[in-house]
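A.B. asks:
Residue numbers (this note's numbering): 106 to 457.
1. If you drop the 5 nearest sequence neighbours on each side, which residues of the same chain put their C-beta closer than 7 angstroms to that of residue 377?
2. Nearest to residue 258 by CA position, among 179, 212, 436 and 131, is which residue?
3. For residue 314 and residue 200, what's the separation of their Cα atoms in angstroms?
4. Does DSSP put residue 144 in a helix, in a strand, or in coil?
5. Taking only the alpha-carbon atoms, compute the straight-line gap between residue 419 and residue 149 and give it to the nearest angstrom.
6. Let's test the definition: count the other Cβ atoms within 10 Å of the Cβ of residue 244 and tell me whether it reaches 16, buried, or not, exposed.
7. Would you grab the beta carbon distance between residue 307 and residue 264 for me? Rounded to a whole angstrom, and I think it's under 8 angstroms.
8. Output the boundary residues of the alpha helix (DSSP H) element that contains residue 299.
9. Taking the continuous alpha helix (DSSP H) assigned at residue 154, which residues delimit it?
10. Count the CB pairs spanning the stretch 334-341 and the stretch 375-391 that are closer than 8 angstroms, and state whether there are at least three.
11. So, using beta-carbon positions, are residue 110 and residue 405 closer together than 9 angstroms?
12. Are residue 184 and residue 219 touching if we call contact CB-CB under 9 angstroms?
13. Mind checking residue 124: buried by the 16 CB within 10 Å criterion, or exposed?
14. Quick one: using the 10 Å Cβ neighbour count with 16 as the cut-off for buried, is residue 280 buried or exposed?
15. Does the separation of the CB atoms of residue 310 and residue 297 fall below 9 angstroms?
16. By the 10 Å Cβ neighbour count, where 16 or more other Cβ atoms means buried, how is residue 223 classified, buried or exposed?
17. Taking Cβ to Cβ, would you say residue 273 is nearer than 9 angstroms to residue 262?
18. Considering only DSSP beta bridges, list what residue 219 is partnered with.
19. Look at the alpha carbon of residue 202 and the alpha carbon of residue 180, and state the distance between them as a whole number of angstroms.
20. Three-state secondary structure (DSSP) at residue 291?
21. Identify which residue in 233, 299 and 275 has its Cα closest to the Cα of residue 242.
22. Taking the C-alpha atoms as reference points, what is the distance between residue 268 and residue 278?
23. Report the three-state DSSP secondary structure of residue 276 (helix, strand or coil).
24. Give me the DSSP bridge partner(s) of residue 245.
25. Check each candidate in 433, 415 and 188 and name the one with the smallest Cα separation from residue 347.
26. Pop quiz: residue 225 and residue 177 are said to be a contact at Cβ under 8 angstroms. What is the actual Cβ separation, rounded to whole angstroms?
27. When the Cα of residue 233 is compared with those of 197, 204, 206 and 170, which residue comes out closest?
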């Protein structure tokens, strides 16, 4: 019995240290995570959310509202479901047959879609899908993630990772190499432009109402950056919010100079501890998922100004909270929330 046990242990150890993995991790030392106190103090503001379309679909990653007040959610199965202003399910508006992650309406009423599998898409008022872009300079998009449209009609979007697709987003966290991009698409000329690359999981994108700049999140860098579109700093980038207290996912433009950030989950001490240890990251990556660092259920939204100062801190730490929150969209004083895997959308009044 003992020889068999010894052999089993040997095989397990060999697996943990030598089994091939798709990641080539590098060391990274994040700053100590901010405590959830002071400007990040735990509260229950989001406990009062109203759920829309409960159990009528899984994972509405993003949400948007049209000019008639109808609500759209981008679901895990590729469908985009439309709801009335009072929350009644109006049926499937469109189906990308992929994984829609970002939504934004253009001035003509077309719904522009960032789909992780299909690229940058457009759905007309009848829900008919048209492909806008799937690659740049011969390189396919790996993980089309979020989209926002500027006041001039220019479409800005993120490609979270050119190496790892939507089902392998955890691999990008473990590897911690800069595979992300921010791009623009001109619907008039159909020209694509690479604005930035070398980003650590480029996620949410939000254009300032005047078109002067855009903000974007790097989820695995715990940061928010400003990229100037106009003026003397045009084409340059500066970080305005670093060492975020959670994993910044979606970002959107709100009223009164606020940009809303959806925090997927608060910072994870185990994940941060692994960051500077590439060899150990490979070992942990080989473990079953239940033994790896995991997000906690914690509703978390921050509102910042254009300089990165925190103005609003909205939370719900309840394990049964509406979470993880991946998007926040403000419309007529209401915040609409989306989630990677919650079975429904949510909304709540904007704080004063």
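For every residue, glycine included, the Cβ atom is placed at its ideal position computed from N, Cα and C.
These numbers were taken from a predicted model, which means no experiment stands behind them.
C.D. replies: Result, derived from the coordinates:
1. Taking the chain shown and counting its residues from 1, the one referred to as residue 377 is at position 272. Correct list, in chain order: 135 and 138.
2. Here the question's residue 258 lines up with position 153 in the chain shown. That would be 212, whose Cα lies nearest to the Cα of residue 258.
3. Sequence index remark: in the chain shown, residue 314 carries index 209 (1-based). Sequence index remark: in the chain shown, residue 200 carries index 95 (1-based). The alpha-carbon atoms of residue 314 and residue 200 are separated by roughly 29 angstroms.
4. The residue you call residue 144 lines up with position 39 of the chain shown. Helix, per DSSP.
5. On the chain shown, residue 419 is found 314 positions in, with the first residue counted as 1. On the chain shown, residue 149 is found 44 positions in, with the first residue counted as 1. Their backbone Cα atoms lie some 7 angstroms apart in a straight line.
6. For the purposes of this step, residue 244 is taken as the residue at position 139 of the chain shown. Exposed: under 16 other Cβ atoms inside 10 Å.
7. Sequence index remark: in the chain shown, residue 307 carries index 202 (1-based). Sequence index remark: in the chain shown, residue 264 carries index 159 (1-based). At roughly 7 angstroms, the Cβ-Cβ gap stays under 8 angstroms, so residue 307 and residue 264 are in contact.
8. As a working mapping, residue 299 is identified with position 194 in the chain shown. Looking at the DSSP string, residue 299 is not in any alpha helix (DSSP H); the run it does join, the beta strand (DSSP E), is 296-304.
9. By 1-based counting over the chain shown, the position of residue 154 is 49. No alpha helix (DSSP H) holds residue 154; DSSP gives it neither H nor E.
10. no
11. Along the chain shown, read from residue 1 onward, the residue named residue 110 stands at position 5. Along the chain shown, read from residue 1 onward, the residue named residue 405 stands at position 300. Not in contact: residue 110 and residue 405 (Cβ atoms no closer than 9 angstroms).
12. Here residue 184 refers to the residue found at position 79 when the chain shown is read from its first residue. Here residue 219 refers to the residue found at position 114 when the chain shown is read from its first residue. No, Cβ-Cβ distance for residue 184 and residue 219 is not below 9 angstroms.
13. Residue 124 sits at position 19 when you count from the first residue of the chain shown. Per the 10 Å Cβ criterion, exposed.
14. Counting from 1 along the chain shown, the entry for residue 280 is found at position 175. Residue 280 should be labelled buried.
15. For the purposes of this step, residue 310 is identified with residue 205 of the chain shown, where counting begins at 1. For the purposes of this step, residue 297 is identified with residue 192 of the chain shown, where counting begins at 1. Not closer than 9 angstroms, so no.
16. Taking the first residue of the chain shown as 1, we reach residue 223 at position 118. Residue 223 should be labelled buried.
17. Translated into the one-based positions of the chain shown, residue 273 becomes position 168. Translated into the one-based positions of the chain shown, residue 262 becomes position 157. Cβ distance not < 9 angstroms, so residue 273 and residue 262 don't count as in contact.
18. For the purposes of this step, residue 219 is taken as the residue at position 114 of the chain shown. Looking at the DSSP assignment, residue 219 forms a beta bridge with 207 and 225.
19. As a working note, residue 202 is residue 97 in the chain shown. As a working note, residue 180 is residue 75 in the chain shown. If I take the Cα positions, the gap works out to 10 angstroms.
20. The count along the chain shown starts at 1 and reaches residue 291 at position 186. Of the three classes helix, strand and coil, the one that applies to residue 291 here is strand, per DSSP.
21. Position 137 of the chain shown, counted from the first residue, corresponds to residue 242. The candidate whose alpha carbon is nearest that of residue 242 is 299.
22. Translated into positions along the chain shown, residue 268 becomes position 163. Translated into positions along the chain shown, residue 278 becomes position 173. Between residue 268 and residue 278, the C-alpha separation is close to 12 angstroms.
23. For the purposes of this step, residue 276 is taken as the residue at position 171 of the chain shown. Looking at residue 276 - three-state DSSP - the assignment turns out to be helix.
24. By one-based count along the chain shown, residue 245 stands at place 140. 240, per the DSSP bridge assignment.
25. In the chain shown, counting from the first residue as 1, residue 347 sits at position 242. Checking every option, the nearest Cα to that of residue 347 belongs to 415.
26. As a first step, residue 225 must be located in the chain shown, where it is residue number 120. As a first step, residue 177 must be located in the chain shown, where it is residue number 72. No, residue 225 and residue 177 are not in contact; Cβ-Cβ is about 17 angstroms, not under 8 angstroms.
27. In the chain shown, the residue the question calls residue 233 occupies position 128. Checking every option, the nearest Cα to that of residue 233 belongs to 197.
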